[in-house]
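A quick write-up on the structure given underneath.
Protein chains in written order, with the working numbering: chain B, 5 to 245; chain U, 46 to 280.
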């Protein structure tokens, strides 16, 4: 299989822009993307949000597979690719064609990292996602494992079976398994950052410092983005004045 | 040497070394008579004393309901459908096919990755890509391809009831009405299967022949395969 048959060989051919964030749980990426969305909207840009694991049709099967623990590394990988593909076709590509800025909390790299952490062949997963549009900007939130784990675990989370990586049999204790699994995912992320040249963010910095840095990364790509026809609201103007 | 290997990197976390049994695939398009021949083959092999299991599309515990639901309204993206079928196949490979082979069964599968590859290509998927997606599949012992041309298919299918929306490729669609779309769609599926038949070395059988003659030849040829290859034998 030639390397150009994998994901990432085709740049985003559409007028819109695709900005995605990646990182392990507790890296603070979702907070940052939410703040970015508010800023972009307050500036009147047409912003579309796309979340991981959200195709309405596929979701029922994914939940069923998770609840009943039917998923193996292979089917876990494929059902998430199915979900993602539906979102690409139905949400992401139409919005990019319309010239919007699409923000995605997690993208193909989440699958690359999780699936490889589950023992799925790396090159197979990369070729599986070949249909995906290459992001305009991809930012990886780098955080020491202990910091991310502290952020998640101090909230006394109810860790779900697959979220904790219990299917891998790393430890019978969900908390312990979760830590080991996140560590593996983080190693995969570091490999991905190098492989695809993701921008990196120091996720231990204060929230506002990170947000300023993110806006600077996004700013060069805002030219020509479609305007939100609803315009900016007075509430937004006040908030971001 | 292992009895079974996959086309690519294999099934993650699954050892293929301890598989025995036989994996026999019956391929062919919709309405060609696969079900009849699978049933007759199964009875024939059981009479000879083999333990037989079978599987077919959308029979997975994981994805069958979801696919059925997605087919009710044409609301799932076409590439997502390709991957939903791949999920269903992967679940059946891991939960039905591999365990049956491990137990030494003759596993008859009513269509395999080839029909799934063909339907994806006809809907615009890149052939190299979809073949790579299915590269985790096991190479079967033999593929018997029940071949027909679309024009001969029409009366057979109509005799069983009206044209089916999906079997006519109306999600694409490929013609002005159900009949035209059916003929065009099935013609393209058969064209892809013909290409795959050459590429993967199927045994092609003329599906328009007398049913009894065809069943007899199929049973004889499958039995020939089983007696040549002893399960678990060192080749």
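Positions of the beta carbon are idealized from the N, C-alpha and C atoms, including for glycine.
Just checking: is the beta-carbon of residue i within a distance shorter than 8 Å of some beta-carbon in chain U?
i	result
residue 134 (chain B)	yes
residue 131 (chain B)	yes
residue 74 (chain B)	yes
residue 59 (chain B)	yes
residue 5 (chain B)	Confidence in residue 5 (chain B) is poor, its pLDDT being 41 and thus under 50, which makes the residue's placement unreliable; the coordinate value appears in the next sentence. Output row for residue 5 (chain B): interface = yes.
residue 122 (chain B)	yes
residue 8 (chain B)	For residue 8 (chain B), the predicted structure reports a pLDDT of 48, less than 50, and the residue's modelled location is therefore unreliable. A value from the coordinates is still provided. No, no contact with chain U.
residue 89 (chain B)	yes
residue 83 (chain B)	yes
residue 244 (chain B)	The pLDDT assigned to residue 244 (chain B) is 48, lower than 50, so where the model puts this residue is not dependable; a value taken from the coordinates is nonetheless given after this. No, residue 244 (chain B) lies away from the interface with chain U (no Cβ there is under 8 Å from its Cβ).
residue 20 (chain B)	no
residue 139 (chain B)	no
For residue i, is the classification buried or exposed, using 16 other Cβ atoms within 10 angstroms of its Cβ as the cut-off for buried?
i	result
residue 131 (chain U)	buried
residue 76 (chain U)	buried
residue 7 (chain B)	Residue placement at residue 7 (chain B) cannot be trusted, given a pLDDT of 42 that sits under 50; what the coordinates show is reported in the next sentence. Residue 7 (chain B) is exposed by the Cβ-count criterion.
residue 183 (chain B)	buried
residue 183 (chain U)	buried
residue 160 (chain U)	buried
residue 91 (chain U)	exposed
residue 265 (chain U)	exposed
residue 173 (chain U)	exposed
residue 215 (chain B)	buried
residue 110 (chain B)	buried
residue 2 (chain B)	Past the boundaries of the shown model lies residue 2 (chain B); chain B is included only from 5 to 245, so the question cannot be answered.
residue 18 (chain B)	buried
residue 154 (chain B)	exposed
residue 197 (chain U)	exposed
residue 133 (chain U)	buried
residue 277 (chain U)	Caution applies to residue 277 (chain U), whose pLDDT of 47 falls short of 50 and renders its modelled position unreliable; the value that the coordinates give is listed next. It is exposed - the Cβ of residue 277 (chain U) has fewer than 16 other Cβ atoms within 10 Å.
residue 69 (chain B)	buried
residue 93 (chain U)	exposed
residue 65 (chain B)	buried
residue 151 (chain U)	buried
residue 49 (chain U)	buried
Kindly indicate which residue of the options has the alpha-carbon position closest to the one of residue i.
i	options	result
residue 144 (chain B)	B:79, B:74, B:217	B:217
residue 271 (chain U)	U:51, U:227, U:97	U:97
residue 60 (chain B)	U:89, U:185, U:83, U:120	U:120
residue 268 (chain U)	U:63, U:167, U:219, U:186	U:186
residue 247 (chain B)	B:40, B:73, B:211	Absent from the structure is residue 247 (chain B), since the part of chain B shown begins at 5 and ends at 245.
residue 62 (chain B)	B:80, B:99, B:204	B:80
residue 188 (chain U)	U:197, U:248, U:61	U:248
residue 197 (chain B)	B:207, B:151, B:142	B:142
residue 234 (chain B)	B:47, B:204, B:212, B:78	B:47
residue 15 (chain B)	B:191, B:97, B:64	B:97
residue 59 (chain U)	U:139, U:207, U:257	U:139
So with Cβ pairs under 8 Å, would you call residue i a contact of chain B?
i	result
residue 172 (chain U)	no
residue 57 (chain U)	yes
residue 102 (chain U)	no
residue 107 (chain U)	yes
residue 136 (chain U)	yes
residue 167 (chain U)	no
residue 267 (chain U)	no
residue 279 (chain U)	For residue 279 (chain U), the predicted model reports a pLDDT of 40, less than 50, meaning its position is unreliable; a value from the coordinates is still stated below. Residue 279 (chain U) does not count as touching chain B.
residue 132 (chain U)	yes
residue 68 (chain U)	no
residue 154 (chain U)	no
residue 117 (chain U)	no
Inspect the beta-carbon positions of residue i and residue j and report whether they are closer than 8 Å.
i	j	result
residue 259 (chain U)	residue 250 (chain U)	yes
residue 54 (chain U)	residue 10 (chain B)	no
residue 117 (chain B)	residue 229 (chain B)	no
residue 179 (chain B)	residue 157 (chain B)	yes
residue 172 (chain B)	residue 185 (chain B)	yes
residue 223 (chain U)	residue 215 (chain U)	yes
residue 74 (chain U)	residue 175 (chain U)	no
residue 111 (chain U)	residue 94 (chain B)	no
residue 99 (chain U)	residue 153 (chain U)	yes
residue 156 (chain U)	residue 79 (chain U)	yes
residue 167 (chain U)	residue 237 (chain U)	yes
residue 27 (chain B)	residue 147 (chain B)	yes
residue 57 (chain U)	residue 77 (chain B)	yes
residue 62 (chain U)	residue 108 (chain U)	no
residue 35 (chain B)	residue 211 (chain B)	yes
Across the segment 115–130 of chain U and the segment 74–91 of chain B, are there enough close Cβ pairs to call them in contact, namely three or more that are closer than 8 Å? yes
For the segment 21–40 of chain B and the segment 71–87 of chain B, state whether three or more C-beta atom pairs, one from each stretch, are separated by less than 8 Å. No, the segment 21–40 of chain B does not touch the segment 71–87 of chain B.
With three or more C-beta pairs closer than 8 Å as the rule, is the segment 99–112 of chain B touching the segment 50–66 of chain B? yes
Quick check: the segment 126–133 of chain B against the segment 171–188 of chain U, are there 3 or more CB pairs under 8 Å? Touching, yes, given that three or more Cβ pairs across the two stretches are closer than 8 Å.
Mind the definition here: the segment 183–195 of chain U touches the segment 210–222 of chain U only if three or more C-beta pairs lie below 8 Å; say whether that holds. Inter-segment contact for the segment 183–195 of chain U and the segment 210–222 of chain U is absent: fewer than three beta-carbon pairs are separated by less than 8 Å.
Contact between the segment 218–228 of chain B and the segment 13–26 of chain B: three or more CB pairs below 8 Å? yes
Contact between the segment 140–152 of chain U and the segment 55–67 of chain U: three or more CB pairs below 8 Å? Output reads yes: the segment 55–67 of chain U touches the segment 140–152 of chain U.
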